[in-house]
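One structure below.
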Amino acid sequence: MSDDTGSTPSSSIGPDEILKRLPHRYPFLLIDRAEDFVFGESITGIKCVSAAEPHFAGHFPENPVMPGVLIIEALAQTGAVLMSKTLDADISNTVIFFMGVDKARFRKTVRPGDVLEMPVRVVKNRRGIFQFEGQARVNGVRVADAAFSATSAPKEAS
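Residue numbering for the sequence shown follows the numbering used here, beginning at 32 and increasing consecutively.
Rendered as structure tokens:
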């Protein structure tokens with residue numbers, strides 16, 4: 032099967048599509064691309080961690096460590112891309128809300144120069160609420176994991 036460009040569909044999602052699927056922008060867009068997309072089931076987000084990211088100026092200047100809450104946010108954004116693509120959501124009129132996080136564990140530090148690989152899978156999708164499990168890995172070593180949930184809603188008029 033081919034798409035309208037005549038190429039074979041890929042399980043990869045590049046930066047342009049990430050920007051179409053998420054409302055986040057720098058400095059809060061925390062995934063660069065995604066791989067291994069399986070409709071309604073799973074995806075792997077990729078985040079190249081750079082020393083130029085603003086949180087490193089204060090966390091911690093002498094020993095830069097990516098804040099755990101931002102690792103969880105990167106996992107949530109990966110799940111949101113999976114949801115957005117599965118639901119074929121249009122971000123001009125739909126927003127995906129992070130609902131909750133459970134069982135978050137931080138195992139190793141993430142530093143500038145690391146590449147976060149974040150496999151996320153759908154555990155349950157019921158009545159528009161997606162429940163996920165995700166891991167963050169650097170060089171194949173698990174650095175964090177969490178269970179989390181999200182839902183979509185119509186965007187409110189401004």
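Quick reminder that beta carbons are idealized off the backbone N, C-alpha and C, glycines included.
Between the alpha carbons of residue i and residue j, how many angstroms are there, rounded?
i      : j      : result
Asp145 : Ile77  : 11 Å
Ala120 : Leu113 : 10 Å
Leu60  : Gly99  : 15 Å
Asp47  : Leu53  : 10 Å
Met32  : Thr140 : Reliability of the predicted coordinates at Met32 is poor, the pLDDT of 41 falling under 50, and no value is obtained from them.
Arg152 : Asn124 : 25 Å
Asn170 : Arg138 : 14 Å
Lys134 : Ala177 : 5 Å
Glu93  : Leu147 : 22 Å
Look up residue i in the DSSP assignment and give the residues it is bridged to.
i      : result
Glu164 : Arg152 and Ala178
Pro185 : Thr125
Gly131 : Ser180
Arg136 : Asp176
Glu66  : Thr75
Val146 : Cys79
Measure the CB-CB distance between residue i and residue j and report whether it falls below 7 Å.
i      : j      : result
Gln166 : Pro150 : yes
Gly131 : Ser180 : yes
Val126 : Lys186 : yes
Gly71  : Thr117 : yes
Ala107 : Phe129 : yes
Distance cutoff 7 Å, beta carbons only. Does residue i sit that close to anything in chain B?
i     : result
Glu84 : Absent from the structure: chain B. Only one protein chain is present.
Let's test the definition: count the other Cβ atoms within 10 Å of the Cβ of residue i and tell me whether it reaches 16, buried, or not, exposed.
i      : result
Phe87  : buried
Ile103 : buried
Ile160 : exposed
Arg56  : exposed
Arg157 : exposed
Taking 6 Å as the limit between beta carbons, can you name the residues of its chain near residue i, skipping five residues before and five after?
i     : result
Asp67 : Ser42 and Thr75
Pro58 : Pro85
Ser73 : Arg152
Ala65 : Ile44, Ile74, Gly76 and Val112
Leaving aside the five residues before and after residue i along the sequence, list all residues of the same chain whose C-beta is less than 8 Å from its C-beta, in chain order.
i      : result
Arg142 : Val80, Pro95, Val96 and Met97
Arg168 : Leu147, Glu148, Met149, Pro150 and Val174
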